[in-house]
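Chemist: Can you keep this structure in mind? I'll have questions shortly.
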């Protein structure tokens with residue numbers, strides 16, 4: 617990974633979700649809000665759990681491992697302060713999205729009832 621001299625501060629957040637549909641829904645809900653500061657760049661993607669943590673893999677993968685159930689958010693900023701402010705705002709938005717999923721989504725309720 618090459619250093620970005622214009623945006624030297626960076627952070628990658630990987631959020632595992634129960635299904636690929638929920639990861640995609642979270643991505644679509646969060647990417648609507650554009651980053652307000654020109655000093656911060658943000659990108660979203662969905663990836664498979666195996667891509668999120670390649671060192672944890674034992675070389676075998678199941679169909680579930682290949683589904684894109686991880687929401688990846690990558691931030692780059694000009695300063696650590698700008699990075700912190702942007703990520704704090706993102707965490708607030710993420711909290712709202714996850715709260716709505718928990719209250720209203722059928723997939724989340726299904727996972728809770730099976731595990732509880």
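In our numbering, the protein residues as written are 617 to 732. For every residue, glycine included, the Cβ atom is placed at its ideal position computed from N, Cα and C. Keep in mind it's a predicted model, so treat the numbers as computed, not measured.
1) Can you give me the C-alpha to C-alpha distance between residue 694 and residue 664, rounded to a whole angstrom?
2) Look at the Cβ atom of residue 687, then the Cβ atom of residue 645, and state whether they are nearer than 8 Å.
3) For the alpha helix (DSSP H) that residue 660 lies in, which residues bound it at each end?
4) Are residue 636 and residue 685 closer than 8 Å when you measure CB to CB?
5) In this structure, does DSSP put residue 626 in helix, strand or coil?
6) By a C-beta neighbour count over all protein chains shown, 10 Å radius and 16 as the cutoff for buried, is residue 682 buried or exposed?
7) Quick one: what's got a C-beta closer than 8 Å to residue 642's C-beta in the same chain, skipping five residues either side?
8) Within 10 Å of its beta-carbon, does residue 697 have 16 or more other beta-carbons around it, so buried, or fewer, so exposed?
9) So what's residue 633 in DSSP terms, helix, strand or just coil?
10) Judging by CA-CA distance, which residue of 649, 620, 648 and 699 is the nearest neighbour of residue 655?
Modeler: According to the structure shown:
1) 29 Å
2) no
3) From DSSP, residue 660 is part of no alpha helix (DSSP H) but of the beta strand (DSSP E) over 656-663.
4) yes
5) strand
6) exposed
7) 631, 633, 687, 710, 713, 714 and 717
8) exposed
9) coil
10) 699
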